[in-house]
Structures are given as C-alpha cells and as structure tokens.
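Here is the structure we will look at.
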Amino acid sequence: MSNGAILPLRLAAVSFAAGGRSIIDRVSLEIGSGPSTIILGANGAGKSVLMRLMHGLLSPSSGRVEWNAPERPGAPRKQAMVFQRPVMLRRSAYANVTYALKIAGIQEPQRGVLVHESLESVGLWHLARRSARVLSGGEQQRLALARAWALHPEVLFLDEPTASLDPSATREIESVIKAFDAAGTKVVMATHNLGQARRLGDEILFLDQGRLVERASVEEFFSKPRSAQAAAFIKGELPWT
Amino acid sequence: MSEALTAALALLVGLDAKLIEIVLLSLRVSLSAVAIAALLGLPLGAAIAVGRFPGRQTVIVVLNALMGLPPVVVGLLVYLLLSRAGPLGALGILFTPSAMVVAQAILILPIIAALSRQAIEDAWREYEEQLRSLGAGRVDAALTLLWDTRFSLLTTILAGFGRAAAEVGAVMIVGGNIDGVTRVMTTTIALETSKGDLPLALGLGMILIAIVVSVNAAAYLIKELAQRRYA
Chain A
73 MSNGAILPLR LAAVSFAAGG RSIIDRVSLE IGSGPSTIIL GANGAGKSVL MRLMHGLLSP
133 SSGRVEWNAP ERPGAPRKQA MVFQRPVMLR RSAYANVTYA LKIAGIQEPQ RGVLVHESLE
193 SVGLWHLARR SARVLSGGEQ QRLALARAWA LHPEVLFLDE PTASLDPSAT REIESVIKAF
253 DAAGTKVVMA THNLGQARRL GDEILFLDQG RLVERASVEE FFSKPRSAQA AAFIKGELPW
313 T
Chain B
20 MSEALTAALA LLVGLDAKLI EIVLLSLRVS LSAVAIAALL GLPLGAAIAV GRFPGRQTVI
80 VVLNALMGLP PVVVGLLVYL LLSRAGPLGA LGILFTPSAM VVAQAILILP IIAALSRQAI
140 EDAWREYEEQ LRSLGAGRVD AALTLLWDTR FSLLTTILAG FGRAAAEVGA VMIVGGNIDG
200 VTRVMTTTIA LETSKGDLPL ALGLGMILIA IVVSVNAAAY LIKELAQRRY A
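Residue numbers (the numbering used here), protein chains in the order written: chain A, 73 to 313; chain B, 20 to 250.
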C-alpha cells in the first residue's frame with residue numbers, strides 16, 4: 073500500500089475518558105477499504121466518540137489511531153464526516169460546497185465542475201443559490217453529503233446522519249450513501265437503527281459501553297450474534313434491565 | 020424653555036452653519052475612531068475566540084472589564100501620551116481632531132473586541148467540528164467565522180459607534196473644545212448648557228439622539244433581514 077491510500081486505519085488499544093468517565097475502553101481494530109462498516113450500539117455506547125477518534129476530532133486518552141498514510145497538518149484531507157445535525161455556513165448552498173473545496177486547495181475551474189457535479193448528484197442543483205440555512209433538515213443533510221461528495225474522500229464517516237429526519241428524507245439520504253459506496257468510497261457509519269444497518273451495511277462493529285464486543289458480517293450478526301449483549305440489542309431488550 | 024426649544028428648531032430647520040460644522044466634525048471623529056477600532060478589534064476578538072493560549076481566561080476577563088473604561092480616564096491617559104513632554108508628544112497632535120480619534124478608538128476598541136469575541140466564540144462552538152473536519156486551520160476558521168457572524172459584528176460596531184458619539188470626557192480633555200477646531204456635539208452641549216445658551220445645546224442634543232436612534236434602527240433592520248435570508 074504505497075499508493076498514498078490512507079486506509080487501512082488501525083486502532084491500537086484506544087481509550088477515551090472525559091470527566092473521569094471512561095467512554096471508549098481499549099478498542100483495537102483495523103478498517104480496510106471495501107465494503108461499508110456500520111458501528112452499531114445503543115445510545116451512549118460510544119459510537120459518536122469512536123468515530124471522532126477515528127476522524128481526528130478527538131485525541132485518545134491512551135492508545136493509538138494510525139492511518140496507513142499519516143495526515144499532514146494543513147494538507148487536504150482524504151476523509152470527510154457528515155454529522156447528525158448538519159452545520160451549514162451562512163451563505164448559499166453553492167458557496168458551502170465551494171468553501172470545502174477551497175479549504176482542500178482545489179482551484180477553479182475544477183472547483184466549479186465539482187460543485188455542480190456534487191449538487192447534481194444529491195438532487196440539489198435547483199437550490200444551489202438558496203441560503204443553506206433556510207433549507208429543510210433533509211435538504212441540509214443532502215447538502216452536507218454533497219459537500220463531502222465534492223471532496224471525493226477515500227473514507228466517509230457518517231454519525232447517525234438520519235437520526236433527526238423523517239422517513240422520506242431518510243430514504244433520500246440512504247440512496248446517496250449507497251452511491252458513495254458504489255463509487256468506491258469507504259463508508260463508516262454509526263447508527264442505532266437496525267433496519268438501516270441491514271440496508272446499508274456489509275459488516276457490523278457492535279459497541280457496548282465503550283467496548284468493541286463483536287465484529288461480524290451483517291448476515292452473521294443478525295442471524296446468530298455471538299455476544300449476549302448483541303443478541304439482547306437485536307431483540308430490542310434493554311441489556312441493563 | 021419653550022423659547023429655547025423654538026430657537027433650537029429654528030437652528031435645525033435653518034441648517035445653521037455652525038451647527039452643521041459641529042455635527043460633521045463629530046461624525047468624522049467618531050466614524051474614524053470606529054473604523055480604527057473595528058480594524059483592530061474584530062481580528063483581535065476572532066483570535067481570542069478561536070485561539071488556545073495560556074492566560075486566555077485572564078485576557079477575556081480584562082477585555083470585558085475594559086468595556087467599562089471611563090472616558091475621562093482614557094482622555095487623561097491619551098493626554099499624558101500626547102502632551103509635549105509625553106512619549107508621543109513629538110507628533111504634535113494634542114488638541115486636534117486626530118487626538119480625539121485616538122482617544123475614542125482606545126475607548127471603544129475593548130467594546131468591539133469583547134463583543135465580537137463573544138459572538139464569534141458562540142459560532143465557533145457550533146462550527147468547530149465541521150470546520151476541523153474539513154481541514155480548516157485556526158486562521159481559516161477565524162476568517163470564516165468573521166464572515167459568518169458579520170451581522171452580529173455589525174451590531175457590535177454600531178454599539179461602539181454609539182459609545183463614541185455619545186462620550187464627552189475623552190474628547191473634551193484631548194481635544195480641548197476649541198471653537199471651530201475640536202468642538203463636537205457632546206462638548207458643545209456641555210459648554211453651551213453651562214453658558215446658558217440652550218438653543219444650540221438642545222438642537223445638538225436632538226441631532227445626537229436622532230443619530231443614535233437611526234443607527235440602532237438600521238442595525239435592527241439589517242439583522243432582521245439577515246435572519247430572514249440566512250436563518
């Protein structure tokens with residue numbers, strides 16, 4: 073792997089604690105390119121924190137997060153993240169995508185082409201001139217995906233991207249995520265939604281109380297979970313009762 | 020009293036030359052001071068909002084405290100700096116409009132820096148993860164936030180202008196209230212009132228209030244429009 077690819081990503085005994093409380097507890101794993109990975113777990117299991125550790129928004133309290141090709145500060149990133157609640161700048165939808173490309177150091181005329189292509193791909197080209205913040209929740213989330221799409225990241229992290237959306241907006245978002253996957257972007261998504269995990273995932277990382285309890289293919293995970301916690305989670309039982 | 024009021028209105032309606040001159044000098048001084056204070060204060064506010072450095076909390080507390088600087092104290096300090104024996108005495112600008120601009124700029128710099136720091140830090144809390152995710156460095160982030168909070172910052176700048184236009188102590192000390200040279204609205208009002216020439220004082224008072232009210236109305240409207248356009 074000397075072609076500059078940032079994958080695989082390796083976590084070695086990564087822990088994260090805040091305020092004296094352990095949130096991620098000695099997680100070790102390797103994520104390679106290819107099929108999409110779903111981080112599954114109950115609320116508070118540490119899914120969001122684990123993704124932020126991977127994406128570099130948080131630093132582990134102990135352990136190491138290593139990419140195949142380490143990121144240089146100031147260099148364009150080859151990974152992007154879409155958050156549960158999209159954060160849009162106070163400018164047009166078009167300018168929001170342009171902004172991301174500028175930060176990544178992409179010049180005109182290529183920039184304009186990428187903005188057009190990405191807004192087109194999420195079905196928002198007709199709203200390009202609209203202020204990003206007056207778009208609906210679903211449209212803003214698609215815009216967040218377009219912003220990520222324009223960057224052509226090698227890895228896309230998604231933190232519960234549909235948690236605050238209605239079913240039809242959720243379907244639209246999911247189809248864009250599938251398109252990312254089809255285009256060869258490695259998708260790593262956190263969700264607590266079993267249906268979504270089934271629809272979009274190829275493999276499952278199951279987190280429980282900050283620990284990586286199980287890693288399995290989707291079929292295996294749902295048909296015969298190995299851990300009691302995962303079995304309980306699938307059944308919809310609350311493991312702490 | 021009603022006579023004075025009538026006379027004051029006559030001055031206003033007749034666009035009295037002396038009155039116009041005083042109003043224009045006031046605007047020139049205060050607008051220049053605001054421009055300088057904004058040019059320095061906004062980047063300073065952004066840097067403190069986004070930066071992480073030792074003593075940051077202290078800087079914020081001091082900056083907030085400086086918002087309440089008494090104008091006469093600022094006037095005194097600038098007077099000492101600019102007086103012939105002072106460190107900047109060689110400039111020879113004491114008792115000129117330039118000295119008044121310097122004093123007012125110092126007076127409102129903390130206001131603009133402290134209020135913009137607050138607005139930008141609030142936005143930073145919302146944007147931080149997204150901007151860092153995109154790979155924006157601290158300088159990128161500060162510039163982005165300055166632009167994205169532009170409507171709040173406009174209000175901040177206008178608050179600074181209001182303070183500058185309304186203060187009397189600093190410009191009185193460093194300007195000297197010289198007729199035709201450094202006499203502005205507030206110092207004229209103070210002087211004419213003590214002399215008993217109420218029409219000019221009242222007329223200027225009305226203009227001063229009108230300016231402050233229209234500036235604030237403009238700020239409100241701009242914010243309202245921005246809210247509708249950008250949410």
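Every residue, glycine too, gets a C-beta built ideally from N, C-alpha and C.
Just so it is clear, the structure is predicted and the values come from calculations on it, not from any experiment.
With DSSP as the reference, identify every bridge partner of residue i, one or two as the case may be.
i, result
"Val229 (chain A)", "Note on residue identity: the sequence assigns Phe, not Val, to residue 229 (chain A). Note: Phe229 (chain A) sits in a beta bridge opposite A:Met153, A:Val260."
"Thr109 (chain A)", "A:Val260, A:Glu275"
"Ile23 (chain A)", "Residue numbering for chain A in the displayed model covers 73 to 313; residue 23 (chain A) lies beyond these limits and cannot be assessed."
"Ala26 (chain B)", "BP columns for Ala26 (chain B) are empty, so no partner."
"Arg82 (chain A)", "A:Glu102, A:Glu138"
"Leu284 (chain A)", "A:Leu279"
"Ser203 (chain A)", "A:Ser164"
"Ser289 (chain A)", "A:Glu275"
Within the same chain, show all residues whose beta-carbon is closer than 8 Å to that of residue i, passing over the 5 residues directly before and after it, in chain order.
i, result
"Leu125 (chain A)", "Leu83, Val86, Phe88, Ile96, Ser131, Pro132, Val137"
"Arg163 (chain A)", "Tyr171, Ser203, Ala204"
"Ser193 (chain A)", "Ala218, Trp221, Val248, Ala251"
"Ala23 (chain B)", "Leu217, Pro218, Leu221"
"Ser295 (chain A)", "none"
"Ala206 (chain B)", "Residue identity differs from the one stated: residue 206 (chain B) is Thr in this sequence, not Ala. Cβ neighbours of Thr206 (chain B) beyond the five flanking positions: Val187, Val190, Met191, Gly194, Asn196."
"Arg298 (chain A)", "Glu286, Ala288"
If I measure Cβ to Cβ from residue i and keep anything under 6 Å in the same chain, skipping five residues before and after, which residues do I get?
i, result
"Trp139 (chain A)", "Ile78, Leu81"
"Thr234 (chain A)", "Thr242, Ile245"
"Met261 (chain A)", "Ile110, Leu230"
"Arg136 (chain B)", "Gly64, Ile67, Ala68"
"Ser105 (chain A)", "Leu79, Lys258"
"Ala152 (chain A)", "Ala220, Leu223, Pro225, Leu228"
"Gly177 (chain A)", "Pro148"
"Leu227 (chain B)", "Met204"
"Glu211 (chain B)", "Leu219, Ala220"
"Ala209 (chain B)", "Val187"
Considering only C-alpha positions, which residue in the set the options is nearest to residue i?
i, options, result
"Ala178 (chain B)", "B:Val81, B:Ser233, B:Ala68", "B:Ser233"
"Gln156 (chain A)", "A:Gly91, A:Gln179, A:Leu237", "A:Leu237"
"Gln268 (chain A)", "A:Leu122, A:Pro239, A:Val285", "A:Pro239"
"Thr99 (chain A)", "A:Glu286, A:Ala302, A:Ser203", "Residue identity check: residue 99 (chain A) is Val in the sequence provided, not Thr. Cα-wise, what sits closest to Val99 (chain A) is A:Glu286."
"Pro145 (chain A)", "A:Gly128, A:Met153, A:Pro158, A:Val154", "A:Gly128"
"Ile139 (chain B)", "B:Met119, B:Leu165, B:Asp159", "B:Leu165"
"Thr174 (chain B)", "B:Ile208, B:Ser152, B:Pro106, B:Ile131", "B:Ile131"
"Leu228 (chain A)", "A:Arg149, A:Gly91, A:Val159, A:Arg202", "A:Arg149"
"Phe114 (chain B)", "B:Leu107, B:Phe180, B:Leu101", "B:Leu101"
"Val154 (chain A)", "A:Gln179, A:Ala304, A:Arg214, A:Ile178", "A:Arg214"
"Leu191 (chain A)", "A:Pro158, A:Lys174, A:Asn168", "A:Asn168"
"Val48 (chain B)", "B:Gly181, B:Leu24, B:Met119", "B:Met119"
"Gly209 (chain A)", "B:Ala250, B:Val203, B:Leu46", "B:Ala250"
"Val193 (chain B)", "B:Ile112, B:Leu240, B:Leu59", "B:Ile112"
"Pro89 (chain B)", "B:Arg248, B:Thr25, B:Ala185", "B:Ala185"
"Gly76 (chain A)", "A:Met123, A:Pro142, A:Gln179, A:Ser295", "A:Pro142"
"Asp167 (chain B)", "B:Ile197, B:Gly199, B:Gln246", "B:Gln246"
"Gly224 (chain B)", "B:Gly33, B:Thr163, B:Val42", "B:Val42"
"Glu211 (chain A)", "A:Ser94, A:Phe305, A:Gly92, A:Pro158", "A:Pro158"
"Gly308 (chain A)", "A:Gly92, A:Gly113, A:Ile103, A:Glu102", "A:Gly113"
Report all residues from its chain with a CB closer than 7 Å to the CB of residue i; omit the five preceding and five following residues, and keep chain order.
i, result
"Tyr171 (chain A)", "Leu161"
"Leu30 (chain B)", "Leu38, Pro218, Leu219, Gly222"
"Val121 (chain B)", "Val97"
"Arg271 (chain A)", "Glu246"
"Met73 (chain A)", "Confidence at Met73 (chain A) is low in this model, with a pLDDT of 41, below 50, so its placement is unreliable and the value that follows should be read with caution. Closer than 7 Å at the Cβ level, and outside the excluded window around Met73 (chain A), lie Asn140."
"Ala161 (chain B)", "Ala65, Ala66, Val69"
Can you round the beta-carbon distance between residue i and residue j to whole angstroms, since I take them to be within the 8 Å contact cut?
i, j, result
"Arg169 (chain B)", "Val69 (chain B)", "Arg169 (chain B) to Val69 (chain B), Cβ: 16 Å. No contact."
"Pro129 (chain B)", "Leu85 (chain B)", "4 Å"
"Tyr166 (chain A)", "Val187 (chain A)", "6 Å"
"Thr257 (chain A)", "Glu232 (chain A)", "That belief does not hold up - the Cβ atoms of Thr257 (chain A) and Glu232 (chain A) are roughly 18 Å apart, past 8 Å."
"Ala183 (chain B)", "Leu126 (chain B)", "7 Å"
"Leu244 (chain B)", "Leu172 (chain B)", "About 15 Å; that fails the 8 Å criterion."
"Ala254 (chain B)", "Ile55 (chain B)", "The requested residue 254 (chain B) does not occur in the structure, where chain B is confined to residues 20 to 250."
"Asp159 (chain B)", "Ile175 (chain A)", "6 Å"
"Ser94 (chain A)", "Gly282 (chain A)", "6 Å"
"Phe180 (chain B)", "Val53 (chain B)", "5 Å"
"Ile176 (chain B)", "Ala57 (chain B)", "5 Å"
Does the CB of residue i have a neighbour CB from chain C at under 8 Å?
i, result
"Asp141 (chain B)", "Annotation note: the requested chain C is absent from the structure, which comprises protein chains A and B."
Would you check whether the ligand GTP has a heavy atom nearer than 7 Å to the C-beta of residue i?
i, result
"Arg270 (chain A)", "Looking at this structure, you won't find the ligand GTP or any other ligand, since it has none at all."
Taking three-plus beta-carbon pairs below 8 Å as touching, is the region 90 to 102 of chain B in contact with the region 171 to 191 of chain B? Cβ pair count under 8 Å is three or more, so yes.
Can we say the region 195 to 206 of chain A touches the region 115 to 122 of chain A, given the rule of at least three CB pairs closer than 8 Å? By the Cβ criterion, the region 195 to 206 of chain A is not in contact with the region 115 to 122 of chain A, since fewer than three pairs of Cβ atoms, one from each stretch, lie closer than 8 Å.
Would you check if there are 3 or more beta carbon pairs closer than 8 Å linking the region 141 to 158 of chain B to the region 73 to 82 of chain B? Touching, no, given that fewer than three Cβ pairs across the two stretches are closer than 8 Å.
Any contact between the region 273 to 292 of chain A and the region 104 to 112 of chain A? By contact I mean 3 or more CB pairs, one from each, below 8 Å. With the cut-off at 8 Å, the region 273 to 292 of chain A and the region 104 to 112 of chain A touch.
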